[in-house]
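In what follows, a single structure is set out as structure tokens and then discussed.
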Amino acid sequence: MCTVIKPGMLTTIQDQGRIGYRAYGMPVSGVMDRYAATMANLLAGNETGAAVLEMTLLGGTFHFPNEAYLAVCGADMQGTLNGRRIKNWSAFYVPANSELAFDYAASGCRTYLSFYGGIAVSPVLGSRSTYTRAVIGGLEGRALQADDVIEIGKGDEMPFALRELSYHHLPKYTHEIRVRVIPGPQDDLFTTEGVRTLFGGSFTVSSRNDRMGILLEGATIQHVSGPDIISDALCAGAIQVPGDGHPIIMMADCQTTGGYAKIGFVISPDLSKLAQAKAGDTITFVECSDGEALAALAAEQLSYEKAAIG
Amino acid sequence: MSDISILKAGEKGLVIDFGNLIDPAVNGRVHRLAHSIAANMPGDVIEVIPTYRSLMVYFDPQQISRETLSAKIRQYLDNTAESGTTDDVATVVSIPVCYGAEFGPDLEFVANHNRLSIREVIAIHTSQPYQVYMLGFTPGFPYLGGMSERIAAPRLAQPRVAIPAGSVGIAGSQTGIYPIESPGGWQLIGRTPLKVFDPGSSTPFLFAAGNYLQFTAIDADTFRFIHQQVEAGSYTPLTSTIARGGTA
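Here the protein sequences come in this chain order: A and B. Counting from 53, one number per residue, gives the positions in the first sequence under this note's numbering. Counting from 2, one number per residue, gives the positions in the second sequence under this note's numbering.
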């Protein structure tokens, strides 16, 4: 177990999401940055679907009465263990009676903490992911608070090597983010100029960005005759454009239906980049085919396979 | 079938679009196809999400290509079109509602707004089953079709901060139920003691998209009685069946 001394700005328990209930209006939730969370689990000797802590912008401080094995990946929150720096994108040993502390994100936005053995909270509708708006999953369906106790699951007997991720697999978090987009399903509701603006214009991440979605500022995208559609299904990656022409990229906690035209979808391997975006970062969109998206998925998979064998 | 298009929704999604209209028959086709896909190709799809007039299919492109999946779906579409005589029966879930007083503080407004008596509003609201076009907005929230314009009412000028779970409301010519406590601007006419969304239960959702809901009026004593049974886990919702695209 470990005790929360300081929770950080927004720290929640997340796994790979609540799949299978979208037809009932239940958002998927789950980790915002699939890549960093998966790597944290691989380094910590867990299944890739194990629940992790997702910390946002400002990390938490935790007390460990007993020894534990952890891994940390994602934004660099300058973690220290009993006052000594720990390396980001690495697994480490926590001796009994230790304090693990994180600070603000020096680069990126979200940091993942994986505990060897996972986090022992009961799944709700098949997932441990916290969805605060419906108060389900994680710890009582809410973000962590001071004095919360996190029960760590039991890992296999086999101890594993404490290692860090090879530099080949380290993503670079920059303030200029490029993501690939497959146009559709309603790209025909935008003018030629509107589509050109999406792929040629420059957008800035606004302060209105959270687990539900990222509102962009900057260029405005023109509709043919208004933004409204008869509400249809939404999922992470969808780029909705309301009447003001400023696109919104839907993220992990997005509602399952929405009524604005969707000009395209950010491919899922690139959502990890958006999960690390902060207000003020610039976003550019590049048009992409199914084939390129499949290649990106395969490359992501290959990184996991290589990281798993060290 | 030329009015149906299959669109892209990212590398893992496609949308079968049946046209740009809210219509019970179109929505019926969406649900028929959703059932057909879920029943016949469970290994090929991850999730199907029916909405008013389209169906999103979520798949693993590393297991099945968009082209193969689209071709299979077109086959189901053609088959459904040819047979045309499917015994297409939908479930009707009975929703007991205590109308008015603290359960529905806006019932009187809805009555006055439409120059009806409270009794007439209740009679109209319970007169026919409503088709659940889709669920969305919050977990379990039903978008219902078929409410009479005679009891339509504008939204509140100032939304309420917290509406109790189970509240039944009217907004424009729509009616619906709040599954979880949430803010909202609907005129509240009553409340059901049933749990529309119960995440800890083996049946977490009281109804699904494609079902019909039949509201029935109950008094405050019955509300409390059913509420106790719901809390004890001994209440079984009443259901019946209806031919899809029937009375609603």
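Built from N, CA and C at the ideal position, the CB exists for glycine as well. Bear in mind that the values here come from a model prediction, so they are computed numbers and not experimental data.
Problem set entry | Proximal residues, the region 122-138 of chain B versus chain A, C-beta separation under 7 Å | Listed in chain order, the positions of the region 122-138 of chain B with a beta carbon within less than 7 Å of a beta carbon of chain A are M135, L136, G137 and F138.
Exercise. Cα separation between Y134 of chain B and S37 of chain B?
Worked result: Answer to the nearest angstrom: the Cα atoms are 17 Å apart.
Exercise. Interface residues of chain A around Q8 of chain B at Cβ under 7 Å?
Worked result: Residue identity differs from the one stated: residue 8 of chain B is Leu in this sequence, not Gln. Under the 7 Å cutoff, chain A gives G236 and P237.
Exercise. Between D239 of chain A and the rest of its own chain, which residues show a CB-CB distance below 7 Å, the 5 nearest in sequence each way excluded?
Worked result: The beta carbon of D239 of chain A sits closer than 7 Å to those of V247, I315 and G316, all from its chain and outside the five residues before and after it, given in chain order.
Exercise. Do you know offhand how far E83 of chain B's Cα is from L34 of chain B's?
Worked result: Because the pLDDT at E83 of chain B is just 49, under 50, the model does not fix this residue reliably, and the value given afterwards should be weighed accordingly. Roughly 13 Å between the two C-alpha positions.
Exercise. How many Å lie between A96 of chain A and L346 of chain A at the Cα?
Worked result: When the Cα atoms are used, A96 of chain A and L346 of chain A turn out to be separated by approximately 28 Å.
Problem set entry | C-beta neighbour in chain B for Y219 of chain A, strict 7 Å | It does not: the Cβ of Y219 of chain A has no partner Cβ on chain B nearer than 7 Å.
For this session: Have a look at S174 of chain A and V201 of chain A and give me their C-alpha separation to the nearest angstrom.
Result: Cα-Cα distance, rounded: 14 Å.
For this session: Specify the secondary structure class of Q307 of chain A as computed by DSSP and reduced to three states.
Result: Coil at Q307 of chain A, not helix or strand.
Problem set entry | Segment contact, 8 Å Cβ cut-off, at least three pairs: the region 121-139 of chain A with the region 63-78 of chain A | At 8 Å Cβ cutoff, the stretches do not touch.
Problem set entry | Neighbour list for V173 of chain A in chain B, Cβ cutoff strictly below 9 Å | The contacting residues do not exist; V173 of chain A stays about 13 Å from chain B at best.
Problem set entry | L191 of chain A - partner residues in DSSP beta bridges | The partner list for L191 of chain A (beta bridge, DSSP) reads A:R194.
Exercise. Given that a residue counts as buried once 16 or more other Cβ atoms are within 10 Å of its Cβ, and exposed if not, what is A153 of chain A?
Worked result: It counts as buried.
Exercise. Just how far apart, CA to CA, sit V98 of chain B and P238 of chain B?
Worked result: V98 of chain B and P238 of chain B have their C-alpha atoms some 13 Å from each other.
Exercise. What are the residues of the region 26-56 of chain B that lie near chain A, defined by any Cβ-Cβ distance shorter than 7 Å?
Worked result: Going along the region 26-56 of chain B in chain order, one finds I47, E48, V49, I50, P51, T52, Y53, R54 and S55 with a Cβ nearer than 7 Å to chain A.
Exercise. Ends of the alpha helix (DSSP H) at A39 of chain B?
Worked result: Per DSSP, A39 of chain B belongs to the alpha helix (DSSP H) from P25 to N41.
Exercise. Does the beta-carbon of G85 of chain B have 16 or more other beta-carbons within 10 angstroms, so that it is buried, or is it exposed?
Worked result: Its pLDDT being 46, under 50, G85 of chain B is placed unreliably by the model, and the measurement read from it follows with that caveat. In the assembly as shown, G85 of chain B is an exposed residue. Its beta-carbon has fewer than 16 other beta-carbons within 10 Å.
For this session: Establish whether the CB of F337 of chain A and some CB of chain B are separated by less than 7 Å.
Result: Taking Cβ atoms only, chain B never reaches closer than 7 Å to F337 of chain A, which makes this a no.
Problem set entry | Whole-Å CB distance - G11 of chain B paired with S320 of chain A, under 8 Å assumed | G11 of chain B to S320 of chain A, Cβ: 7 Å. Contact.
Exercise. What are the complete beta strand (DSSP E) segments, minimum 3 residues, inside the region 131-197 of chain A?
Worked result: With a minimum length of 3 residues, the continuous beta strand (DSSP E) runs that stay inside the region 131-197 of chain A are 142-146, 150-153 and 162-167.
Exercise. In this structure, does DSSP put D18 of chain B in helix, strand or coil?
Worked result: Of the three classes helix, strand and coil, the one that applies to D18 of chain B here is strand, per DSSP.
Exercise. Which value, in whole angstroms, describes the spacing of the CA atoms of A158 of chain A and N261 of chain A?
Worked result: About 18 Å.
Problem set entry | Short Cβ contact (7 Å threshold) for G270 of chain A with S259 of chain A | No Cβ-Cβ contact shorter than 7 Å links G270 of chain A with S259 of chain A.
Exercise. Among residues of its own chain, excluding the 5 on either side of I227 of chain B, which ones have a beta-carbon nearer than 8 Å to its beta-carbon?
Worked result: Around I227 of chain B: P97, P194, L195, I219 and Y236.
For this session: Put R260 of chain A into one of helix, strand or coil per three-state DSSP.
Result: In the structure shown, R260 of chain A sits in a strand (DSSP, three-state: E or B).
Exercise. Regarding E203 of chain A and the ligand ADP, is the C-beta to nearest heavy atom distance less than 6 Å?
Worked result: You won't find the ligand ADP in this model; it holds no ligand whatsoever.
Problem set entry | DSSP state of F114 of chain A mapped onto helix, strand, coil | Strand, per DSSP.
Exercise. So, does the CB of P62 of chain B fall closer than 7 Å to a CB anywhere in chain A?
Worked result: Judged by the 7 Å Cβ criterion, P62 of chain B is in contact with chain A.
Problem set entry | Length of the line joining the Cα atoms of A213 of chain A and Q307 of chain A | The straight-line gap separating the alpha-carbon atoms of A213 of chain A and Q307 of chain A is approximately 40 Å.
Problem set entry | Option in B:S71, B:D222, B:N41 and B:V31 with minimal Cα separation from G211 of chain B | Nearest C-alpha to G211 of chain B: B:V31.
For this session: Measure the C-alpha to C-alpha separation of N28 of chain B and R245 of chain B and round it to an integer number of angstroms.
Result: Cα to Cα, the separation comes out at about 10 Å.
Problem set entry | Cβ distance (whole Å) where T108 of chain A is taken to contact R162 of chain A below 8 Å | Confirmed, Cβ separation roughly 6 Å.
For this session: Classify S118 of chain B as buried or exposed, calling it buried when 16 or more other Cβ atoms lie within 10 Å of its own Cβ.
Result: That one is exposed.
For this session: Using only alpha-carbon positions, find the residue among B:M42, B:A26 and B:L15 that is nearest to M57 of chain B.
Result: Relative to M57 of chain B, the option among B:M42, B:A26 and B:L15 whose CA is nearest is B:L15.
For this session: Note down, in chain order, every chain B residue with its Cβ under 8 Å from the Cβ of D208 of chain A.
Result: Taking a Cβ-Cβ threshold of 8 Å, none of the residues of chain B is close to D208 of chain A; the smallest such distance is about 28 Å.
For this session: Quick one: give me the first and last residue of the beta strand (DSSP E) that E4 of chain A is part of.
Result: The first residue shown for chain A is 53 and the last is 362, placing residue 4 of chain A beyond what the model contains.
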